[in-house]
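Numbering (the working numbering), first residue to last: -11 to 334. Glycine included, each C-beta is placed from N, C-alpha and C at the ideal position. Since the structure is predicted, the reported quantities are computational estimates derived from the model, not experimental observations.
See the structure below:
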């Protein structure tokens, strides 16, 4: 791959990062080919005059209209940046930079926050300031910075500062959706937004070697997967009050809610397992349980517990159920590809 500001001529990191944070660059040819083949499912047809228009992976048809969702823009930028890190062709850089321009010029508002949905002209459709969405913005800039794309490192720092100021609550976690004036829209906390913030902070650490990002990721992980999970026999509930108490009744009458269904999600257990394995790889201090460091084990051991829980409670003969009760009884038995992808990643 072309060298970037983080790499010496011999391929070793030159800024103090642990060598194993360069895992994205250390790929077998088979894995590299898989990454690029996955990107080619979208590229080049995903590139619109403004931003991206995503394609259905089976039909190849565009399934978005002129709306551009913050999460889709940000995740696509991150994906193409991973293509750069995997020593992909020049179009990976071009595609990532294309999305970054739209992220900065259309999604980003005058206050520095990011609109959740804009149209193809860059006009806001939904001005919600979403913690979930901003976690993906942080991820996009982190991956782009790691790939050496100009300006991404500065935007990474700015987005981190914005999240610290606008979303971090008294527990050191992320609050949820805010209006355009940054007032909270409901007294709600979600593990999903915090999980993706953990992902983004891990990526920021990989890009910069800054321990503060690793510390943020560790705090989010320990709170969700150790402290709070101790109240539910180690399983991860999705929804909480603004005081971080379990809200078991949240959306109980909407089992197929598109974004916040009730129940336990095996896919998220597998996803957390992946992030905990990365915390272990990067030498983050082990979780503290019962006042002692380590408790039942380190991050890797806790990740194995979560992965085993995903399989034990959620696996069927052809994939993971979407959601289930504490005893494993399916709530929504639909299978989603993303859960399998997260399990493979873990």
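Kindly indicate which three-state DSSP category residue i falls into: helix, strand or coil?
i: residue 172; result: strand
i: residue 317; result: coil
i: residue 47; result: coil
i: residue 228; result: strand
i: residue 223; result: coil
i: residue 148; result: helix
i: residue 279; result: Confidence at residue 279 is low in this model, with a pLDDT of 40, below 50, so its placement is unreliable and the value that follows should be read with caution. Coil, per DSSP.
i: residue 97; result: coil
i: residue 333; result: helix
i: residue 39; result: coil
i: residue 71; result: helix
i: residue 244; result: coil
i: residue 197; result: coil
Spell out the partners DSSP gives residue i in its beta bridges.
i: residue 238; result: Answer is none; residue 238 lacks a bridge partner.
i: residue 124; result: BP columns for residue 124 are empty, so no partner.
i: residue 323; result: 309
i: residue 137; result: None, per the DSSP bridge assignment.
i: residue 186; result: Beta-bridge pairing links residue 186 to no other residue.
i: residue 255; result: DSSP output for residue 255 lists no bridge partner at all.
i: residue 114; result: 105
i: residue 56; result: 106
i: residue 166; result: 117 and 172
i: residue 156; result: 162
i: residue 304; result: 307
Within the same chain, show all residues whose beta-carbon is closer than 7 Å to that of residue i, passing over the 5 residues directly before and after it, in chain order.
i: residue 41; result: 34, 50 and 52
i: residue 96; result: 102
Enumerate in chain order the residues of its own chain whose CB-to-CB distance from residue i is below 6 Å, with the five nearest sequence positions on each side excluded.
i: residue 104; result: 58, 114, 116, 118 and 121
i: residue 143; result: 129
i: residue 281; result: Low confidence applies here, because residue 281 scores a pLDDT of 38, under 50, leaving its location unreliable and the question unanswered by this model.
i: residue 165; result: 116, 118 and 173
i: residue -10; result: With a pLDDT of 29 at residue -10, under the threshold of 50, the predicted position of this residue should be treated as unreliable, though the coordinate-derived value follows. Excluding residues within five positions, none has a Cβ falling inside 6 Å.
i: residue 201; result: 189, 192 and 193
i: residue 168; result: 115
i: residue 45; result: 29
i: residue 253; result: 311
Just to confirm before moving on: does the CB-CB distance between residue i and residue j stay below 8 Å?
i: residue 309; j: residue 299; result: no
i: residue 326; j: residue 251; result: no
i: residue 266; j: residue 190; result: yes
i: residue 84; j: residue 72; result: yes
i: residue 229; j: residue 177; result: yes
i: residue 222; j: residue 297; result: yes
i: residue 126; j: residue 192; result: yes
i: residue 257; j: residue 224; result: yes
i: residue 146; j: residue 100; result: yes
i: residue 87; j: residue 24; result: no
i: residue 74; j: residue 137; result: no
i: residue 219; j: residue 179; result: no
i: residue 54; j: residue 107; result: yes
i: residue 140; j: residue 149; result: no
Using 8 Å for Cβ pairs, my map puts residue i next to residue j. What's the rounded Cβ distance?
i: residue 295; j: residue 329; result: Actually they do not touch by this definition, with Cβ atoms about 14 Å apart.
i: residue 268; j: residue 238; result: Going by Cβ atoms, the distance from residue 268 to residue 238 rounds to 31 Å, so no, they are not a contact pair.
i: residue 264; j: residue 291; result: 3 Å
i: residue 124; j: residue 184; result: 6 Å
i: residue 213; j: residue 170; result: Not confirmed; about 28 Å, so no contact.
Please return the same chain residues whose Cβ sits closer than 8 Å to the Cβ of residue i, not counting the five positions on each side in sequence.
i: residue 43; result: 29, 30, 33, 34, 49, 50 and 51
i: residue 90; result: 38, 39, 40, 56, 61 and 110
i: residue 243; result: 249, 250, 251, 311, 319 and 320
i: residue 322; result: 309 and 310
So, is the C-beta of residue i closer than 8 Å to a C-beta in chain B?
i: residue 159; result: Absent here is chain B; the protein component of the structure consists of one chain.
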